[in-house]
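A.B. asks:
Protein chains: 2
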Amino acid sequence: MAEIWKGAPVVAAMKERMLADTARLRERGVIPTLAILRVGQREDDLAFERTAIKRSGTVGVEVRSVALPEDVDQEILVAQARVLSEDENVHGLLLMRPLPGNLNERMVRRAMRPEKDVDGITGISLAGVFTGSDVGFVPGTAQSVMEILDYYGVDVKGKRVTVVGRSLVVGKPAAMLLLGRHATVTMCHTRTADLPAETRRADILVVAAGKRGIIGAEHVSPGQIVIDVGIHVDENGKLCGDVRFDEVEPIVGAITPVPGGVGTVTTSVMLEHVVRAAKKNVSLD
Amino acid sequence: MAEIWKGAPVVAAMKERMLADTARLRERGVIPTLAILRVGQREDDLAFERTAIKRSGTVGVEVRSVALPEDVDQEILVAQARVLSEDENVHGLLLMRPLPGNLNERMVRRAMRPEKDVDGITGISLAGVFTGSDVGFVPGTAQSVMEILDYYGVDVKGKRVTVVGRSLVVGKPAAMLLLGRHATVTMCHTRTADLPAETRRADILVVAAGKRGIIGAEHVSPGQIVIDVGIHVDENGKLCGDVRFDEVEPIVGAITPVPGGVGTVTTSVMLEHVVRAAKKNVSLD
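Residue numbers (my numbering), protein chains in the order written: chain A, 1 to 285; chain B, 1001 to 1285.
1) Where does glutamine 1041(B) land, buried or exposed, given buried means 16+ other C-beta within 10 angstroms?
2) Measure the C-alpha to C-alpha separation of alanine 81(A) and serine 65(A) and round it to an integer number of angstroms.
3) Rounded to the nearest angstrom, what separates aspartate 246(A) and cysteine 240(A) at their Cα positions?
4) I'd like the ranges of any beta strand (DSSP E) spanning at least 3 consecutive residues and lying wholly in the stretch 86–137 of chain A.
5) Measure the C-alpha to C-alpha separation of glutamine 74(A) and glycine 1132(B) and round it to an integer number of angstroms.
6) Listing by chain order, which chain A residues have their CB less than 9 Å from the CB of histidine 1182(B)?
7) Taking threonine 1131(B) as the query, report the chain A residues whose CB atoms sit under 7 Å from its CB, ordered along the chain.
8) Going by DSSP, what residue range makes up the beta strand (DSSP E) through alanine 16(A)?
9) Does DSSP classify threonine 1199(B) as helix, strand or coil?
10) State the CB to CB distance for the pair tryptophan 1005(B) and isoleucine 1148(B), rounded to an integer number of angstroms; the pair is presumed to be in contact (CB under 8 Å).
11) Should the stretch 165–178 of chain A be called in touch with the stretch 29–38 of chain A, which here means at least 3 C-beta pairs below 8 Å?
12) Given a limit of 9 Å on CB to CB distance, which residues of the stretch 1038–1070 of chain B reach chain A?
13) Valine 1274(B) versus chain A: which residues are under 9 Å apart at the beta carbon?
14) Hey, does leucine 1177(B) have any beta-carbon neighbour from chain A nearer than 7 Å?
15) Does glycine 123(A) have its Cβ less than 7 Å from a Cβ in chain B?
16) Kindly indicate which residue of Ser1085(B), Glu1016(B) and Val1138(B) has the alpha-carbon position closest to the one of arginine 1113(B).
17) Got a sec, what are the start and stop residues for the beta strand (DSSP E) leucine 1168(B) sits in?
18) In the DSSP output, what is arginine 1160(B) paired with across the bridge?
19) So, is valine 1233(B) buried or exposed, given that buried needs 16 or more other C-beta atoms within 10 angstroms?
20) Once you ignore the five residues that flank glutamate 1070(B) on each side, which residues in its own chain have a CB closer than 8 Å to its CB?
21) On the three-state DSSP scale, how would you describe arginine 64(A)?
22) Check this for me: beta carbons of glycine 140(A) and threonine 266(A), under 7 Å apart or not?
23) Among the candidates Lys1238(B), Leu1271(B) and Leu1095(B), whose CA atom is the shortest distance from the CA of glycine 1260(B)?
24) How far does the beta strand (DSSP E) with alanine 35(A) in it extend, from its first residue to its last?
25) With 7 Å set as the bound, which would you pick, yes or no: does the beta-carbon of valine 185(A) sit closer than that to a beta-carbon of chain B?
26) For the alpha helix (DSSP H) that valine 1030(B) lies in, which residues bound it at each end?
27) Among the candidates Arg1276(B), Leu1095(B), Ala1142(B) and Met1096(B), whose CA atom is the shortest distance from the CA of valine 1229(B)?
28) Grouping DSSP H, G and I as helix and E and B as strand, with all else coil, what is glutamate 966(B)?
29) Take valine 248(A) as the anchor and find which of Gly223(A), Lys157(A), Val262(A) and Asn236(A) has the nearest alpha-carbon.
30) Helix, strand or coil: which one does DSSP assign to alanine 254(A)?
31) Quick one: which residues of the stretch 194–225 of chain A get their C-beta closer than 7 Å to a C-beta of chain B? List them in chain order.
32) For valine 274(A) and lysine 116(A), what's the separation of their Cα atoms in angstroms?
33) Expressed to the nearest angstrom, what Euclidean distance is found between the alpha-carbon atoms of alanine 208(A) and leucine 1025(B)?
34) Out of curiosity, what's the CA-to-CA distance linking threonine 1190(B) and glycine 1216(B)?
35) Tell me the DSSP secondary structure of glutamate 3(A) in three-state form.
36) Considering only the beta carbon of each residue, do leucine 1271(B) and serine 1125(B) sit closer than 7 Å?
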C-alpha cells in the first residue's frame, strides 16, 4: 500500500506563501495580475480559466481575461500579445494553447517578454531551463513535479530518476530541473527498447508520456515514488492518468493520484510565477 | 581488443563534404569566412587558432583573426563582437573563452547573431539544442560526438546511452542530440550514487566529465562503444582522456583514443558550421 500524495496540501502550502507575498505587494500598491490570452471558446481553455480565476482570488492575484474570436487575424493576435507584454500593470501573460490551426504560435511567443512568460514558452525561458539559469520561468507542469517532491520531503540528489516522455512541456524541462538538483536522470520515450527495465530500476518515476495507462505493475518495484503527470478520460468518462493506479499503487511506496495530483498544482505554480514576476518588478526579491 | 575509432577519417570525410560546398560557394563569389575573436595571448587559444587557420585552408574557408589586448575595455570588446556579427563578409564568429576575469562574457554573447554563432554559445542556439529546432548551431564538441557515431555507422535509436558529465559545452547538448536521435539517455555526474552501475549497462558511453582517468575497467562491459571527450596532460606531459585507455580498451567493442579522437574533429565541426552559415546566406541550402 502506497502513500497517496495528493496535490491539495501542496496547493494549500503554496497558498500560504503567496498570500504573504501578495499582502506585502498590495501594501506597496501593486496588484499582481495575470493576463490570460485566449483565442476561441475551447472547453478545455474555459475550464482552465475558471479554475485560475477562482483560485487567483484566494491568493490575492488578479486575472484579466482577454478573449479573441476564433477567426482573429494573426496580426491582431500578435499585437494583443505585445500590448499585454508592455502593460506595466500586467505581471504575467499566459497564452492558451494550442491555437486554432491557421495561427502561428511562434510569432505570438516572440511578442511576449520572457519576464512575463509565466508558462515558460518563450525561447529565452527554455534556454534558461536548459542552462539552469534564472531567466524567464519554468513550464508549469514540470515545476509542479518539483513542488510535489519538495512538499513531500524528497531530496532527489544522487537518486535514480526515470522520466518517461520527452515533451518540451513536461518531460525535457522536468529532466533538466531534476538534473539541476543532482539526480541521475534517464530519459525514456516511445523508442526506448526495454521500458520496464528502465522504469523498474528508478528510485523516482516521473510519467509524462501522454498515453493512458502505459505504466502498469510490470513497470514498477517496491518502495518507488511514482509521479503521474498524465491526464485522460477513460471509456466511462472518468479522469485517469498515464499510470494504471489500481495495479501500481499496491506495489510502490508513494504515488500521486489522477485526478487530484499533479494537475491540481499547475494552476498554483502559474499564479506563484505571477507573484514572483510582480516581486521582481518592485524589487521585493 | 576494441576497434580504435580515430578522428582522422571522420575529418577526412568532412573535408570532402566541405570542399564540395565551398567550391560551389566560391563560384557564386562567396568566400566562407570565420572570424575568431580573441582577448589576450593564452597559449591554448593560440594553439587552437593555429590549427583552425591551417585546417581552414584545406577546406576552402578563410579565417580572420581579431586579437584584442588583455586589458581591453568591455565596451570595445562588445562593439567588436557586434561589428563582426553585422559584417556580411563574416559567416561565422567564434569567441575564444574563457575571457580574462574582468570581462563579462554574457554581454559579448548578446552582441552575437545566432546565425553566426558557430560554437553554439548564444541563448538562442542553446534553446535550439534543447527544443531540437534548427536555430543557431550546436556546441562543437557535442556535435563532434555525433559526427564520430555517424561516421562509424552507429544508429543510436533505442540504444542505451550513458553520458557522464553535464556541462553546457558537451554533456547536456550531447544528451539532447542523442535524445533527438531516439536514444534512451542517462545523464550522470559527480553526485551519481553508483557510477559503475550506470556506465556498465550502457550500449554507448559518452564520457565528458573533465576528470582525468575517472573511467576504468570497473565502469565498462564487453561490446560497448566508448567515446572519450576528455583531454588532459598527465604527469609525464602526455595527453590523455577521461578514460583509462589501457584498462578499458581490452574490454570494450570500440573506443576513441586521446589524442587523435574527439578533439581532432571539433575544429572541422566549427568549420562546417561556417560553411553551413555561408550556404544559408546564399540559399544554397
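Even for Gly, the Cβ is constructed at its ideal location relative to N, Cα and C.
C.D. replies: With the structure as the only source:
1) exposed
2) 12 Å
3) 11 Å
4) 92–95
5) 25 Å
6) His189, Thr190, Arg191 and Thr192
7) Leu126 and Leu168
8) Looking at the sequence itself, residue 16(A) is glutamate, so the reference to alanine does not match. Premise fails: glutamate 16(A) lies in the alpha helix (DSSP H), 8–27, not in any beta strand (DSSP E).
9) helix
10) 6 Å
11) no
12) none
13) Chain A residues near valine 1274(B): none, gap ~23 Å exceeds 9 Å.
14) no
15) yes
16) Ser1085(B)
17) Taken as a continuous stretch (DSSP letters only), leucine 1168(B) belongs to no beta strand (DSSP E), as it is neither H nor E.
18) Thr1184(B)
19) exposed
20) Val1039, Gly1040, Gln1041 and Pro1100
21) strand
22) yes
23) Lys1238(B)
24) 33–39
25) yes
26) Valine 1030(B) -> no alpha helix (DSSP H), and no H or E assigned at all.
27) Ala1142(B)
28) This structure cannot settle anything about residue 966(B), because the visible part of chain B is limited to 1001 through 1285.
29) Gly223(A)
30) strand
31) Glu198
32) 8 Å
33) 46 Å
34) 16 Å
35) strand
36) no
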